[in-house]
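S.K.:
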Amino acid sequence: MENLIANFNYVIVVILMMIGLWAMLAQKNLIKKCIGMAIFQTGIILFFISIGAKNEAKVPILSKFVAENPPAIIVNDYANPLTQILMLTAIVVGVSTLGVGLAIVQKIYLEYGAIEENEILARIDSEDE
Amino acid sequence: MPSLPIWEFDVLLLVLVVLFALISLSIRNLMGAAIVFGAYSFMMCLIWAGMGAVDVAFTEAAVGAGVSTVFIVSTIYNTSATMQNKPGGLTFKLFIGLVVTLTGAFLLSALPDFPEWGDSESPANAVVAPYYIKNTITDAHVPNVVTSVLADYRGFDTLLETTVVFIACIAIYSILRTETAKSKTDEPEEEIAVLPSYDPSDSLIVRQASRFMIPFMQLFALYVIAHGHYSPGGGFQGGVILGASLILLAISFDLKFLLGHWSEKSLMLLVASGVFLYAAVGLACVFMGGNYLDYVVLDPILPGKGDMARSHGILLVEIGVGITVMFSMVAIHINLASNGRFDRGL
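Read top to bottom, the protein sequences are chains A and B.
Under this note's numbering, the first residue of the first sequence carries the number 2, and numbering increases by one thereafter.
Under this note's numbering, the first residue of the second sequence carries the number 568, and numbering increases by one thereafter.
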């Protein structure tokens, strides 16, 4: 139990990822599936940011004083910049892929006139007959 | 209760985030789901800012809460706004529940192996990251470590991520902007059915307010790009804000109004030119006798004395990233809002 509280961030990460996975599998609505994908993705981003966080650490931007005296830099005063830049680019790429997903949803709607999985399957079946 | 290693406020936010995710997935009105998802993104933003990731929080505020909500709303506009709730079979539900629970249990079982939250000696924090923090000033004269890692130490990563945004833009074009969509003209009877009783694009207040806001948004975005060396921000954030200002113009006025200023061809050329600028800076380094994206060798052709070349090189590639991100956001929005027809839409 103590472990769970100490690693509360990671527990939430797992819960968010599972909510996203459940939405992608169980939701019939294609837009809801896209939202589920985005939630899964923010779960992963939260995981990386939690890894890079440090106790008592500040934002990874050096102050003027420290910038003028490079030997005075104390590494543990600053949060990990590496995990942050990986996630920064992932967010922008994520919105582009969300756009691709939504474009596919619109195309499906143009073809079949529905965005519910059951209805789309029913239309495909009726077209085959 | 043992003392929490994380800030107590974060616990509240983390619980709220889970609640918002569940609400946005369980609401039957899709428009409501999109709005709750935007609120979810804002909560996420606060959590990340609390952990010291201001650049990431900034990006999420612009992207997750702003632009992606608009994308989802345009898709709802072009499809149907409500959803039928036909629950699947019991076996299906049980199967999905089993899969999700098992996967979650596997992930949770790895939890004790993790380094404790905030441990500064964990492998992720202790090996390569300290080098960046220690050397960013002597190498690149950039106090914002995130910017120097983004555009200098790991320039290849960012180049390819920008290319992914470009490719996603092309993918959306090839999915929605087909020959049938190009030739399809307005059908008046359909338009009457689609138009809501209250047309927000007629609102004087919305138009005048956005007319007043957009110049300031764009000025702020330029500041964010140019000042990314010293404060949170950079090409991605500034590009998204610039794109959002044009999307606001398209929503508050009309899609035609925006397309009157930016033709389809020039939009696509600008999306490509951002990636091209980034790659060209890299190639210029090669021609000057260095490695790809090794800005030091650009010193003779860049202004500023001494070792400022890396700082200026970072600015150049950030501008490239900004151009690509801005115009790809606009192009994606136009495609999604008008269903690939480029005439009218949200």
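Ideal placement from N, C-alpha and C gives every residue a C-beta, glycine not left out.
Could you work out which residues of chain B lie near Y113/A, taking near to mean beta carbons separated by less than 8 Å?
M.R.: Numbered from its first residue, the first sequence carries residue 113/A at position 112. Near Y113/A there are no residues of chain B at all, since even the closest Cβ is about 11 Å away, more than 8 Å.
S.K.: Report yes or no: is there a C-beta of chain A within less than 8 Å of the C-beta of G887/B?
M.R.: Along the second sequence, one-based indexing puts residue 887/B at 320. Not an interface residue.
S.K.: So, does the CB of N8/A fall closer than 8 Å to a CB anywhere in chain B?
M.R.: Numbered from its first residue, the first sequence carries residue 8/A at position 7. Yes, its Cβ sits closer than 8 Å to a Cβ of chain B.
S.K.: When we look at the beta-carbon of N645/B and count the other beta-carbons within 10 Å, is it buried (16 or more) or exposed?
M.R.: In the second sequence, counting from the first residue as 1, residue 645/B sits at position 78. Buried, since its Cβ has 16 or more Cβ neighbours within 10 Å.
S.K.: For D622/B, which residues of its own chain have a beta-carbon under 6 Å away from its beta-carbon, when the five flanking residues on both sides are left out?
M.R.: If you number the second sequence from 1, residue 622/B lands on position 55. Correct list, in chain order: V713 and P799.
S.K.: Using the Cα positions of Q107/A and G37/A, report the straight-line distance between them to the nearest angstrom.
M.R.: For the purposes of this step, residue 107/A is identified with residue 106 of the first sequence, where counting begins at 1. For the purposes of this step, residue 37/A is identified with residue 36 of the first sequence, where counting begins at 1. The straight-line gap from Cα to Cα measures roughly 17 Å.
S.K.: Report yes if the C-beta distance between I92/A and T670/B is below 8 Å; otherwise report no.
M.R.: Counting from one through the first sequence, the residue named residue 92/A turns up at place 91. Counting from one through the second sequence, the residue named residue 670/B turns up at place 103. In this structure, T670/B does not lie closer than 8 Å to I92/A by Cβ.
S.K.: Pull up the distance between the alpha-carbon of N10/A and that of M19/A, whole angstroms please.
M.R.: Reading the first sequence from its first residue, position 9 is the one you call residue 10/A. Reading the first sequence from its first residue, position 18 is the one you call residue 19/A. Rounded to the nearest angstrom, the two C-alpha atoms are 14 Å apart.
S.K.: Any Cβ of chain A within less than 8 Å of the Cβ of N711/B?
M.R.: Taking the first residue of the second sequence as 1, we reach residue 711/B at position 144. Contacts with chain A at 8 Å (Cβ-Cβ) include N711/B.
S.K.: At which residues does the alpha helix (DSSP H) containing M618/B begin and terminate?
M.R.: If you number the second sequence from 1, residue 618/B lands on position 51. From DSSP, M618/B is part of no alpha helix (DSSP H); its letter is neither H nor E.
S.K.: Out of L661/B, L675/B, S750/B and G795/B, state which residue places its alpha-carbon closest to the alpha-carbon of V716/B.
M.R.: Sequence index remark: in the second sequence, residue 716/B carries index 149 (1-based). Considering only alpha carbons, the answer is G795/B.
S.K.: For K872/B, name the three-state secondary structure that DSSP assigns.
M.R.: For the purposes of this step, residue 872/B is identified with residue 305 of the second sequence, where counting begins at 1. The answer is coil: DSSP assigns K872/B none of H, G, I, E or B.
S.K.: Roughly how many whole angstroms lie between the Cα atoms of E757/B and L122/A?
M.R.: Numbered from its first residue, the second sequence carries residue 757/B at position 190. Numbered from its first residue, the first sequence carries residue 122/A at position 121. At E757/B the pLDDT is 48, less than 50, meaning the model places this residue with poor confidence and gives no usable figure here.
S.K.: I think M618/B touches A80/A, with their Cβ atoms under 8 Å apart; what is that distance to the nearest whole Å?
M.R.: Here residue 618/B refers to the residue found at position 51 when the second sequence is read from its first residue. Here residue 80/A refers to the residue found at position 79 when the first sequence is read from its first residue. Sure, about 7 Å apart at Cβ, within 8 Å.
S.K.: Curious, which full-length alpha helix (DSSP H) runs of at least 4 residues does the region 654-702 of chain B contain?
M.R.: 657-676 and 690-693
S.K.: Determine, using beta carbons only, whether I759/B comes closer than 8 Å to chain A.
M.R.: The sequence position of residue 759/B within the second sequence is 192, counting from 1. Because I759/B sits at a pLDDT of 48, beneath the cut-off of 50, its placement in the model cannot be relied upon, and the following sentence gives the value as read from the coordinates. Closer than 8 Å: no.
S.K.: Is L657/B close to chain A? Criterion is C-beta to C-beta, closer than 8 Å.
M.R.: If you number the second sequence from 1, residue 657/B lands on position 90. By this cut-off, L657/B is not an interface position.
S.K.: Suppose contacts are defined by Cβ-Cβ distances below 8 Å. Is V634/B in contact with V101/A by that definition?
M.R.: Working through the second sequence from its first residue, we reach residue 634/B at position 67. Working through the first sequence from its first residue, we reach residue 101/A at position 100. Cβ atoms of V634/B and V101/A: not closer than 8 Å.
S.K.: Do I814/B and I32/A count as a contact pair if the criterion is CB distance below 8 Å?
M.R.: The residue you call residue 32/A lines up with position 31 of the first sequence. The residue you call residue 814/B lines up with position 247 of the second sequence. Cβ distance not < 8 Å, so I32/A and I814/B don't count as in contact.
S.K.: Check whether chain A comes within 8 Å of E754/B, counting only Cβ atoms and requiring the distance to be less than that.
M.R.: Residue 754/B sits at position 187 when you count from the first residue of the second sequence. Confidence at E754/B is low in this model, with a pLDDT of 49, below 50, so its placement is unreliable and no value can be given for it.
S.K.: From S905/B to G912/B, what distance separates their C-alpha atoms?
M.R.: Along the second sequence, read from residue 1 onward, the residue named residue 905/B stands at position 338. Along the second sequence, read from residue 1 onward, the residue named residue 912/B stands at position 345. If you take the alpha carbons of S905/B and G912/B, they lie about 4 Å apart.
S.K.: Jot down the residue ranges of each uninterrupted alpha helix (DSSP H) in the region 822-870 of chain B, minimum 4 residues, whole runs only, in chain order.
M.R.: 822-828 and 831-854
S.K.: Going by DSSP in three states, I116/A sits in which element: helix, strand or coil?
M.R.: Position 115 of the first sequence, counted from the start, is the residue given in the question as residue 116/A. Coil at I116/A, not helix or strand.
S.K.: Restricting to Cα atoms, I'd like to know which of Q804/B, T891/B, A735/B and V884/B is closest to L89/A.
M.R.: For the purposes of this step, residue 89/A is identified with residue 88 of the first sequence, where counting begins at 1. The option with the nearest alpha carbon to L89/A is Q804/B.
S.K.: What does E831/B reach in chain A if we use C-beta pairs closer than 9 Å?
M.R.: Counting from 1 along the second sequence, the entry for residue 831/B is found at position 264. Going along chain A, no residue has its Cβ under 9 Å from E831/B, so there is no contact; the nearest lies around 16 Å.
S.K.: Answer yes or no: do T730/B and V842/B have a C-beta to C-beta separation smaller than 8 Å?
M.R.: By one-based count along the second sequence, residue 730/B stands at place 163. By one-based count along the second sequence, residue 842/B stands at place 275. Taking 8 Å as the Cβ cut-off, T730/B and V842/B qualify as a contacting pair.
S.K.: Closer than 7 Å by C-beta to A27/A: which residues in its own chain qualify, once you throw out the five before and the five after it? Chain order, please.
M.R.: Indexing the first sequence from 1 puts residue 27/A at position 26. Counting only Cβ-Cβ distances below 7 Å, and skipping sequence neighbours, we find nothing.
S.K.: Closest to A58/A by CA distance: which of I734/B, I868/B and G685/B is it?
M.R.: Position 57 of the first sequence, counted from the first residue, corresponds to residue 58/A. Of I734/B, I868/B and G685/B, the residue nearest in Cα terms is G685/B.
S.K.: Since Y79/A sits in a beta bridge, which residues does DSSP pair it with?
M.R.: In the first sequence, the residue the question calls residue 79/A occupies position 78. Bridge partners of Y79/A: K59/A.
S.K.: Between D129/A and chain B, is the shortest Cβ-Cβ distance under 8 Å, so that the two count as touching?
M.R.: Position 128 of the first sequence, counting from 1, holds the residue named residue 129/A. Chain B, which has no Cβ nearer than 8 Å to the Cβ of D129/A, makes this no.
S.K.: Kindly list, in the order they appear in chain A, the residues whose Cβ is closer than 7 Å to that of S647/B.
M.R.: Taking the first residue of the second sequence as position 1, residue 647/B is located at position 80. What S647/B touches in chain A: I116.
S.K.: Whole angstroms is fine: what's the gap from S608/B's alpha carbon to W829/B's?
M.R.: Looking up residue 608/B in the second sequence gives position 41. Looking up residue 829/B in the second sequence gives position 262. The straight-line gap from Cα to Cα measures roughly 30 Å.
S.K.: Taking all protein chains shown into account, do 16 or more other C-beta atoms lie within 10 angstroms of the C-beta of D126/A, making it buried, or fewer, making it exposed?
M.R.: Residue numbering aside, residue 126/A sits at position 125 when the first sequence is read from its first letter. When all chains shown are included, D126/A counts as exposed.
S.K.: Who are the neighbours of M88/A on chain B, taking C-beta pairs under 8 Å?
M.R.: Counted from its first residue, the first sequence places residue 88/A at position 87. Per Cβ cutoff of 8 Å: A620 and V623.
S.K.: State the CB to CB distance for the pair S777/B and L816/B, rounded to an integer number of angstroms; the pair is presumed to be in contact (CB under 8 Å).
M.R.: In the second sequence, residue 777/B corresponds to position 210, counting from 1. In the second sequence, residue 816/B corresponds to position 249, counting from 1. The pair is a contact, with the Cβ atoms about 7 Å apart (cut-off 8 Å).
S.K.: To which residues does DSSP link N30/A through a beta bridge?
M.R.: Sequence index remark: in the first sequence, residue 30/A carries index 29 (1-based). N30/A is bridged to E117/A.
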